[in-house]
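Below: the structure, in C-alpha cells.
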Amino acid sequence: MSKEILVVLNRKRGSVKTQLTRIKDFINNPDEKDKIKLELKMDTLKSLRIKLSDIRNEYYEVVTKESDLEPLELEILDLEDDCEDIQSSSMEKFAELSQLL
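Okay, so the sequence shown: first residue is 1113 according to my numbering, each after it adds one.
Listed below in C-alpha cells is the structure:
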C-alpha cells in the first residue's frame, strides 16, 4: 500500500466531509431563505456522493489488507449516511421555502 496515495485519499475524504458540514450548516441556518442557493447546495451534494463512490473505489485499489480497509469503509459509510440526512433536511427546507414564496 502506497502511503502517499493513502494520504491523498484521506485528504479527499476530509474535503468531502468539510463540504458536507458546510451544506449541513447552511440548511440548519434559519436565516438562510435563498431557494437558489439551496438548489446549488443540493447539486453539490450530488457531486459529493459521486466523489465518495470514487474515493471508495480508489481505496479498494490501493489498500490490500482487509483489516486496513474496514475502518476506511466505515468512514465512507458514515459520510454516505450524512449525505442521506442532509438530503432529507434539504428537501424539507426546500418545501418550507416553496411555501414562503
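Just so it is clear, CB atoms sit at the ideal spot from N, CA and C, and this is done for glycine as well. The model shown is predicted, which means the values in this text are computed figures rather than measured ones.
- request: Could you give the DSSP three-state label for N1122: helix, strand or coil?
  value: helix
6 Å Cβ shell around M1154 - same chain, five flanking residues per side excluded: S1202
message: Rounded to the nearest angstrom, what separates N1122 and D1180 at their Cα positions?
response: 13 Å
Best match in E1204, I1188, S1200 for proximity to K1124 [C-alpha to C-alpha]: I1188
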